[in-house]
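Taking it in order: structure first as structure tokens, then the write-up.
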Amino acid sequence: MPKIGDIELPDFPLLLAPMEDVSDPPFRALCKENGADVVYTEFISSEGLIRDAAKSIMKLDIYEKERPVGIQIFGANLDSMLQSVEIVEKSNPDIIDINFGCPVKKVVSKGAGAGILKDVELMVSLTKAMVERTKLPITVKTRLGWDESSIKIVEVAERLQDVGCKAIAIHGRTRAQMYKGNADWRPIAEVKNNPRMHIPVFGNGDVDTPEAAKKMRDEYGLDGAMIGRASIGYPWFFNEVKHYFKTGEHMAPPNMKARVEAARRHLQMAIDWKGEKLGVFETRRHYTNYFKGIPNFKEYRMKMVTSDDAADVFAAFDEVLDKFGDYEFSA
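Residue numbering for the sequence shown follows numbering that gives the first Met the number 0, beginning at 0 and increasing consecutively.
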């Protein structure tokens, strides 16, 4: 069974990936209820934390029902990262994760996220300093490398482990790929098969079906899967993977009543946590997947994603249940 520090995990755990404006407390709660073994916050700017920026501080909110939960931070300045560790510790997470993988230009241009893949020495020294600053387990999420010509992930992972990193999640793309093309899990398997590696190695990227998760486990031998885009608007994915592992069969997809109820709860929790304006806006990205595949649905989806009024969105949910309540989703 894999462990992150002293945190014992089930065999082949499923982790909710940190995703900006997605993996907030409402969505993490739904994923946890539906089988996620470890959840991570949205990534949080170390500079934002030390400046006491409201949006960054708000992302530190975690709840007992989420545990084990990791708070993910990013940055490239040593002093800022160390100060942010002290701020993060006050929220009492189970794990502190460092983002060395975000490919977005505004992050990379500051040398943070995947930008640090150009400077492996800094990557290692930052990790070492953070390990020494806290008693909480430090983990890392990263990519294969900056581009195809600079993939050194086996060496990088080993060095991160050697300075005290307790687990590593690797996205099977380079920064140059962004999210295009297919994730390559072979270099991740090379990390896992390195005889010197003894910390958990989690795979990330294109785990979008139960079969893909099984392949990552059985053919690539990884310790667990970090789930990102497949979970957006579909928190049931975690339990569907676990059901497939146990039975070799696909779990029946949630019916319309379950989907409407989840969307309704999601929106209400988001409003309770961040207010109506942000709650309505930031929950929109989930509705396509909550109601994916329904014919003649555009009118209702447009109501959900264009209204700024929560009452209108809740009313749209009622309309959907009334009109499409008997719709049968295929596995």
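We put the beta carbon where it would ideally sit given N, CA and C, even for glycine.
Counted within 10 angstroms of its Cβ, other Cβ atoms place Asp-325 as buried (16 or more) or exposed | When all chains shown are included, Asp-325 counts as exposed.
According to DSSP, which residues form a beta bridge with Ser-44?
-> Phe-73
Taking buried to mean at least 16 other C-beta atoms within 10 Å of its own C-beta, is Asp-212 buried or exposed?
-> The amino acid at residue 212 is misidentified as Asp; the sequence shows Ala. Counting Cβ neighbours within 10 Å, Ala-212 comes out buried, since at least 16 surround it.
Residue environment, Asn-98, which counts as buried when at least 16 other CB atoms sit within 10 Å | buried
Bounding residues of the alpha helix (DSSP H) (the contiguous stretch that carries Asp-217) | 209–217
Quick one: grab the DSSP three-state call for His-265.
-> Looking at His-265 - three-state DSSP - the assignment turns out to be helix.
Unbroken alpha helix (DSSP H) runs of length 4 or more, entirely within the stretch 100–141: which are they?
-> 104–107, 119–132
Can you tell me whether His-197 is buried or exposed, with buried defined as 16 or more other CB within 10 angstroms of its CB?
-> Exposed is the call here.
Short Cβ contact (8 Å threshold) for Ile-72 with Ile-43 | yes
Tyr-178, buried or exposed, once every other Cβ within 10 Å from all chains shown has been counted against 16 | exposed
Helix, strand or coil: which one does DSSP assign to Lys-291?
-> DSSP places Lys-291 in the coil class of the three-state scheme, outside both helix and strand.
Scan the stretch 159–241 and note each continuous beta strand (DSSP E) run of 3 residues or more that stays entirely inside, going in chain order.
-> 167–170, 200–203, 223–226
Residue(s) in a DSSP beta bridge with Ile-97 | Ile-72, Val-139
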